[in-house]
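Counting from 12, one number per residue, gives the positions in the sequence shown under my numbering. The C-beta atom is built at its ideal place from N, Cα and C for all residues, glycine as well. Keep in mind it's a predicted model, so treat the numbers as computed, not measured. Following: one structure in structure tokens, then a few remarks.
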Amino acid sequence: MTDPFELAFADDLDSAERFQVWLDTLDEREDLVGEYLSLAFATETSPPSDKATRARMWKRLRQLRTAHATEWFGVTATEDDWRWGIARRLRLEPSLEAIDRCLSSRLGRFVTDFVIPEPLDAEATHAVVQRFATHRCLRGLDLRTFHHDVVFPLGALSLRRLTLRGFTLDDDATVNAGLEALTLKDVSLTEATVHALSRPTSMLRLLTLDGSPALTQQVTTRLAKASHPALKHLSVHVDDAEAVLKHVAAFEVLGSLETLEVDGELTEQGLTYVFDHAASFEALETFRLNWANCSHEVVERVTHRLPRLGRTAQRVVDAFAWID
């Protein structure tokens with residue numbers, strides 16, 4: 012990026028004022044990208060009241076997007092999440108060529124979130140992190156691997172959203188201050204990363220930890236309203252669900268939560284604790300527990316008192332059970 016108006020917008024992607032200043036420079040050059048972005052901005056922010064005019068605008072917008080999507084984004088943009096003509100999220104092949112093509116394209120350089128659905132090995136993970144480290148607009152990544160010896164350097168990228176499937180977090184892992192959503196599924200933790208994941212952070216709104224139940228238990232029982240004031244959604248796979256429920260109630264984590272999912276061993280005594288402290292849990296919009304080991308009578312009594320309480324998804328212990 013060399014255009015100062017383009018750079019200014021890249022540094023504040025939510026600024027309609029900066030976006031419009033950049034559009035003015037594109038219009039002066041009679042740049043086709045400018046026409047496309049102007050149409051997208053107008054249809055989203057101030058669509059004309061006349062139906063025929065709106066139809067013409069949408070038709071032209073779709074024509075431009077269909078004809079130039081690959082050129083402008085470096086990849087066929089199939090996502091439905093758009094803002095002002097720019098895809099907010101793109102799926103990429105796990106190749107440096109595909110990533111470079113996207114990040115250097117006219118509009119791909121403004122995309123904030125990327126998904127690489129195919130599994131990465133250690134070498135590819137290192138290269139991908141290096142590539143995205145130079146992406147000015149990066150906000151979110153969704154990556155996966157089949158190999159638990161592949162280490163992801165948590166904290167190496169300034170992210171707001173991160174989803175990892177597989178991987179291991181190294182002992183130097185840190186949670187960057189601006190992280191708002193962290194999802195770790197089947198990710199190997201260590202005692203050192205437990206400390207990193209449970210350190211105070213003022214921005215984290217969503218935390219999903221599904222893997223290493225004993226260590227996830229340690230992370231969860233260190234959370235508190237004072238250390239994680241913005242936390243709204245918590246989903247964890249732990250060893251002892253009752254201990255987690257007692258902790259989130261005692262340390263006022265529940266005061267700000269909207270979603271709580273605790274998948275772990277839960278006895279009838281633990282479910283009775285929820286019933287006895289129903290007032291602490293009733294404000295949750297989504298509340299799920301694993302009551303597989305509880306009697307129907309106890310479950311019925313608790314769910315009658317807390318009608319929003321549901322059961323966590325059943326886990327497949329033996330993968331071969333799915334094979335005919």
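Q | Contact check, S209 vs K243, beta carbons under 8 Å | A | The residue given as residue 209 occupies position 198 in the sequence shown. The residue given as residue 243 occupies position 232 in the sequence shown. In this structure, K243 does not lie closer than 8 Å to S209 by Cβ.
Q.
Using CA atoms only, rank isn't needed, just tell me which of R176, Q141, F286, E134 is closest to K196.
A. Within the sequence shown, the letter at position 185 stands for residue 196. For the residues R176, Q141, F286, E134, the minimum Cα distance to K196 belongs to R176.
Q) Ordered along the chain, which non-local residues of its own chain (more than five positions away) have a Cβ less than 6 Å from that of R147? A) In the sequence shown, the residue the question calls residue 147 occupies position 136. Answer for R147: A21, listed in chain order.
Q: Look at the alpha carbon of L193 and the alpha carbon of T297, and state the distance between them as a whole number of angstroms.
A: Start at 1 with the first residue of the sequence shown, and residue 193 comes out as number 182. Start at 1 with the first residue of the sequence shown, and residue 297 comes out as number 286. Their backbone Cα atoms lie some 18 Å apart in a straight line.
Q.
Comparing C-alpha positions only, which one of T185, R112, T232 sits nearest to A261?
A. Reading the sequence shown from its first residue, position 250 is the one you call residue 261. Closest option to A261, Cα to Cα, is T232.
Q) Helix or strand or just coil, what does DSSP make of I127? A) One-based indexing of the sequence shown puts residue 127 at position 116. Note: I127 maps to coil in three-state DSSP.
Q: Look at the alpha carbon of D38 and the alpha carbon of C113, and state the distance between them as a whole number of angstroms.
A: Locating residue 38 in the sequence shown gives position 27, where the first residue counts as 1. Locating residue 113 in the sequence shown gives position 102, where the first residue counts as 1. D38 and C113: Cα-Cα distance of roughly 23 Å.
Q) Exposed or buried, A332, counting other C-beta atoms within 10 Å across all chains shown (16 or more means buried)? A) Working through the sequence shown from its first residue, we reach residue 332 at position 321. Confidence is the limiting factor: at A332 the pLDDT is only 37, short of 50, which leaves the residue's position unreliable, though a coordinate-based value still follows. Classification for A332: exposed.
Q. Comparing alpha-carbon positions, which option in K257, L131, M68 lies nearest F292?
A. Within the sequence shown, numbered from 1, the residue matching residue 292 stands at position 281. Comparing Cα-Cα distances from F292 to each of K257, L131, M68, the minimum goes to K257.
Q) Where does I334 land, buried or exposed, given buried means 16+ other C-beta within 10 angstroms? A) On the sequence shown, residue 334 is found 323 positions in, with the first residue counted as 1. Confidence at I334 is low in this model, with a pLDDT of 41, below 50, so the placement of that residue should be treated as unreliable; the coordinate-derived value is given next. Its Cβ having fewer than 16 others within 10 Å, I334 is exposed.
Q.
So, does the segment 243-253 touch the segment 265-279, judging by three or more C-beta pairs under 8 Å?
A. yes
Q.
Check whether the segment 117-128 and the segment 142-161 are in contact - that is, three or more C-beta pairs closer than 8 Å.
A. yes
Q. Which same chain residues, not among the five before or five after D329, have their C-beta less than 7 Å away from its C-beta?
A. Here residue 329 corresponds to residue number 318 of the sequence shown, with the count starting at 1. Residue confidence for D329 is low, a pLDDT of 45 falling below 50, so the modelled location carries little weight and cannot support an answer.
Q | Identified DSSP bridge partners for V230 | A | The residue given as residue 230 occupies position 219 in the sequence shown. DSSP output for V230 lists no bridge partner at all.
Q) How long is the line joining the alpha carbons of L320 and A88, rounded to whole angstroms? A) By one-based count along the sequence shown, residue 320 stands at place 309. By one-based count along the sequence shown, residue 88 stands at place 77. Between L320 and A88, the C-alpha separation is close to 38 Å.
Q | Distance between beta carbons of T179 and V161, contact taken as under 8 Å | A | On the sequence shown, residue 161 is found 150 positions in, with the first residue counted as 1. On the sequence shown, residue 179 is found 168 positions in, with the first residue counted as 1. About 7 Å separates the two Cβ atoms, so the contact holds.
Q) How close, in whole Å, do the beta carbons of T165 and V186 come, if the pair is a contact with beta carbons under 8 Å? A) Along the sequence shown, read from residue 1 onward, the residue named residue 165 stands at position 154. Along the sequence shown, read from residue 1 onward, the residue named residue 186 stands at position 175. A small correction: the amino acid at residue 165 is Leu; Thr does not occupy that position in the sequence shown. That belief holds up - the Cβ atoms of L165 and V186 are roughly 7 Å apart, short of 8 Å.
Q: Reducing DSSP to helix, strand and coil, say where L246 ends up.
A: Here the question's residue 246 lines up with position 235 in the sequence shown. According to the sequence shown, residue 246 is Ser rather than Leu. Note: S246 maps to strand in three-state DSSP.
Q) To which residues of the same chain is Q31 closer than 8 Å at the C-beta, ignoring the five residues directly before and after it? A) Against the sequence shown, residue 31 aligns to sequence position 20. Taken in chain order, the residues that qualify are F52.
Q) Per DSSP, I97 is paired with what? A) By one-based count along the sequence shown, residue 97 stands at place 86. R94, per the DSSP bridge assignment.
Q | Span separating the alpha-carbon of V247 from that of A80 | A | In the sequence shown, residue 247 corresponds to position 236, counting from 1. In the sequence shown, residue 80 corresponds to position 69, counting from 1. Cα to Cα, V247 sits roughly 39 Å from A80.
Q) If you draw a straight line from the C-alpha of A133 to the C-alpha of C305, how long is it? A) Position 122 of the sequence shown, counted from the start, is the residue given in the question as residue 133. Position 294 of the sequence shown, counted from the start, is the residue given in the question as residue 305. If you take the alpha carbons of A133 and C305, they lie about 43 Å apart.
Q.
Assuming F157 is part of the beta strand (DSSP E), what are its boundary residues?
A. The residue you call residue 157 lines up with position 146 of the sequence shown. Taken as a continuous stretch (DSSP letters only), F157 belongs to no beta strand (DSSP E), as it is neither H nor E.
**Q.** Beta-carbon contacts of L50 that lie in its chain and below 8 Å, excluding the five residues immediately before and after
**A.** Here residue 50 refers to the residue found at position 39 of the sequence shown. Here the set comprises M68, R71, L72, L75, G96.
Q | Euclidean distance between Cα positions of M214 and D221 | A | The residue you call residue 214 lines up with position 203 of the sequence shown. The residue you call residue 221 lines up with position 210 of the sequence shown. The alpha-carbon atoms of M214 and D221 are separated by roughly 21 Å.
Q: From the DSSP output, in three-state form, read off R40 for me.
A: Residue 40 sits at position 29 when you count from the first residue of the sequence shown. Coil.
**Q.** S115 versus T136, G85, E129, residue with shortest Cα-Cα distance
**A.** Here residue 115 corresponds to residue number 104 of the sequence shown, with the count starting at 1. The candidate whose alpha carbon is nearest that of S115 is G85.
**Q.** V273, DSSP secondary structure in three states
**A.** Your numbering for residue 273 matches position 262 in the sequence shown. Three-state DSSP puts V273 in a strand.
(Q) I need the straight-line Cα distance from D14 to L190, nearest angstrom please. (A) Taking the sequence shown and counting its residues from 1, one reaches residue 14 at position 3. Taking the sequence shown and counting its residues from 1, one reaches residue 190 at position 179. About 29 Å.
Q. DSSP state of T201, grouped into three classes?
A. Within the sequence shown, numbered from 1, the residue matching residue 201 stands at position 190. Correct three-state label for T201: coil.
Q: Compare the C-alpha of T323 against each of V309, T314, V273 and name the closest.
A: Taking the sequence shown and counting its residues from 1, the one referred to as residue 323 is at position 312. Considering only alpha carbons, the answer is V273.
Q | Residues that F298 bridges to, as DSSP identifies them | A | As a first step, residue 298 is located in the sequence shown; it is residue number 287 there, counting from the start. In DSSP, F298 forms a bridge with L271, L320.
Q. Does the distance from the C-beta atom of L107 to that of R142 stay below 8 Å?
A. On the sequence shown, residue 107 is found 96 positions in, with the first residue counted as 1. On the sequence shown, residue 142 is found 131 positions in, with the first residue counted as 1. Closer than 8 Å, so yes.
Q: Look at V44 and W83 and say whether their C-beta atoms are less than 8 Å apart.
A: Position 33 of the sequence shown, counted from the start, is the residue given in the question as residue 44. Position 72 of the sequence shown, counted from the start, is the residue given in the question as residue 83. Yes, the pair counts as a contact, with Cβ atoms nearer than the cut-off.
Q.
Which same chain residues end up closer than 8 Å to A144 when comparing Cβ atoms and leaving out the 5 residues on each side of it in sequence?
A. Locating residue 144 in the sequence shown gives position 133, where the first residue counts as 1. Here the set comprises A167, L168.
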